[in-house]
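Residue numbers for the sequence shown follow my numbering, beginning at 30 and rising by one.
Where is the CB? At the ideal position from N, CA and C, for every residue including glycine.
Please read the structure below before turning to the comments.
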Amino acid sequence: MPSRENDVQRILRELQGLADGISQAQLDAAGSLLLAQNKTIFVTGAGRSGFVARGFANRLMHVGKQVFVIGDPTCPPVQPGDCLVVVSGSGNAPAAGKAKAKGAVILGITLNADSPLGQAADALVILPGSTRQNQTDVVSIQPVGNTFEQLAWLTCDALAMGMRDKSGQSNEDLLRRHANIE
């Protein structure tokens, strides 16, 4: 008797299908924007998207970028020429407009290109999926919002991997920047 597909396999199959809808051109533009960034990179996101943003901040630091998480007590002010990465399914991200007004470059990772984030962004990665605020035609086997957060996490990992490769770094280079007291 053949074994039944387990729930993890079902989720991975679903994500694989959705990942086909992610534009490589958008990923390339986002990676180029981040790689060219010589000033500070800030990241933000609310709720579970915020966890994705925090994880991405860690990876950006590993590839050698100076990065801060908006809202952390040690976060400095945004200056002209800095970059803000916003992870927001809905795209309702007031930080994007505020940072844009301060002269920052904005990278948005969202479902909604027509959102305030989409309008403020200098580069966008549009992901398929749906969230509580943005019910789309994407039907998922998972609770609402999961596919966006999962694809956002994988997208951020893909961006970090591309930055590593394009900058000629090795995993050993990244490991030298890894925390050594935990």
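Classification of residue i by the beta-carbon crowding that lies within 10 angstroms, buried from 16 upward
| i | result |
| --- | --- |
| N200 | exposed |
| P157 | buried |
| V96 | buried |
| D213 | Only positions 30 to 211 of the chain appear in the structure, and residue 213 is not among them; the question remains open. |
| S52 | exposed |
| P145 | buried |
| A204 | Sequence check: residue 204 is Leu here, not Ala. Exposed: under 16 other Cβ atoms inside 10 Å. |
| A149 | buried |
| L63 | buried |
| A54 | exposed |
Residue i - containing alpha helix (DSSP H), residue span
| i | result |
| --- | --- |
| A189 | 175-195 |
| A152 | That residue, A152, is in no alpha helix (DSSP H); its beta strand (DSSP E) goes 152-155. |
Same chain only: Cβ atoms within 6 Å of residue i, ignoring 5 sequence neighbours per side
| i | result |
| --- | --- |
| A82 | V72, T73, G74, V116 |
Contacting residues, own chain, Cβ-Cβ under 8 Å from residue i (five flanking each side not counted)
| i | result |
| --- | --- |
| A177 | A small correction: the amino acid at residue 177 is Phe; Ala does not occupy that position in the sequence shown. So the qualifying residues of the chain are S78, G118, L140, L156, G158, S159, T160. |
Residue range of the unbroken beta strand (DSSP E) whose run includes residue i
| i | result |
| --- | --- |
| V96 | 96-98 |
| V115 | 112-116 |
Bridge partners - residue i, DSSP secondary structure assignment
| i | result |
| --- | --- |
| C64 | Note that residue 64 is Leu in the sequence shown, not Cys. L64 is not bridged to any residue. |
Cβ pair count under 8 Å reaching 3, the stretch 101-113 against the stretch 166-176: At 8 Å Cβ cutoff, the stretches do not touch.
Validate contact between the stretch 191-211 and the stretch 72-85 using beta carbons, cut 8 Å, 3 pairs: Three or more Cβ pairs closer than 8 Å define a contact, and the stretch 191-211 falls short of that threshold against the stretch 72-85.
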